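Okay, structure first, notes after.
In this note's numbering, the protein residues as written are 1420 to 1674.
Shown next, in the form of structure tokens:
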């Protein structure tokens, strides 16, 4: 092997001082240059390092070596085929395999982490209207999961996917919620509706036919509901309207 003073300047690979072997090319530029220099020496070995050397005056047939022979004398100076050299070459191969297998795995992990971060950012960046005065808030992942669970338990039977099984013309889409009187397109207005539901025009109380807090004696699932639960349910309904507006309340073609 080349001595410790040799430096492997192969791009992107750092090797120990005592191992001047490139992981990618398996031969450092130092060694390649040495091999080139050997080719250009006066022919005293009849071209055993390659094709006919420059300045060779012997007959062409004498310099018949067309490729590097696998013999100890055919190795460049300072690179004898010793056990130490073979061990170093094996180490270089191992390093190359490690880079080949570990790098894609690390890249995959980085992409997964980046995707998770992007998904979390998307959840928190959706501004949900709280009231009719312009106040908004962003949901955390935990709040969204809780709102979805409560919605499925208390409302999912009739309002699966944001539709309304008992009245297909009035669902939980943002257009229908905005057209109600009073409008039900904010968290506060939806909480008010779940507490004491009315008809679409707001003229008649329907708490006896729609799950509600004021008629909780008729609706067992509503008895344990707290105002924060209603808040989370309402926020989830509006969140769905902003992230999947074409599906939420779209009916049987989606759900």
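In this text, a Cβ means the ideal position worked out from N, Cα and C, and glycines have one as well. Just so we're clear, the structure is a prediction, and the values are computed from it rather than from any experiment.
#1: Relative to the C-alpha of residue 1555, which residue among 1568, 1632 and 1607 is closest?
#2: Look at residue 1545 and residue 1661 and say whether their C-beta atoms are less than 8 Å apart.
#3: Buried or exposed: which applies to residue 1617, given that a residue is buried once 16 or more other Cβ atoms fall within 10 Å of its Cβ?
#4: Assuming residue 1655 and residue 1510 make a contact with CB atoms under 8 Å, what is their CB distance in whole Å?
#5: For residue 1633 and residue 1614, which I take to be in contact (beta-carbon distance under 8 Å), what is that distance rounded to the nearest angstrom?
#6: Select from 1604, 1574 and 1612 the residue whose C-alpha is nearest the C-alpha of residue 1553.
#7: Could you check which residue in 1628, 1557 and 1581 has the C-alpha nearest to that of residue 1664?
#8: State the beta-bridge partners of residue 1624 as determined by DSSP.
#9: Going by DSSP, name the residue or residues bridged to residue 1546.
#10: Over what stretch of residues does the alpha helix (DSSP H) that includes residue 1604 continue unbroken?
#11: What does the alpha-carbon distance come out to for the pair residue 1550 and residue 1649?
#12: Grab the span of the alpha helix (DSSP H) containing residue 1665 for me, first residue to last.
#13: Kindly indicate the opening and closing residues of the alpha helix (DSSP H) around residue 1593.
With the structure as the only source:
#1: Residue 1607 is the option with its Cα nearest to residue 1555.
#2: For residue 1545 and residue 1661, yes; Cβs fall inside 8 Å.
#3: Only buried fits residue 1617, as 16 or more other CB atoms lie within 10 angstroms of its CB.
#4: With a Cβ gap of about 57 Å, residue 1655 and residue 1510 do not count as contacting.
#5: Residue 1633 to residue 1614, Cβ: 6 Å. Contact.
#6: Among 1604, 1574 and 1612, the Cα nearest to that of residue 1553 is on 1604.
#7: Ranking 1628, 1557 and 1581 by Cα distance to residue 1664 puts 1581 first.
#8: The partner list for residue 1624 (beta bridge, DSSP) reads 1617.
#9: Listed as beta-bridge partners of residue 1546 by DSSP are 1557.
#10: In the DSSP annotation of this structure, residue 1604 is not part of any alpha helix (DSSP H), being labelled neither H nor E.
#11: Between residue 1550 and residue 1649, the C-alpha separation is close to 15 Å.
#12: Following the DSSP letters along the chain, one finds residue 1665 in no alpha helix (DSSP H), marked with neither H nor E.
#13: 1593-1598 is the extent of the alpha helix (DSSP H) around residue 1593.
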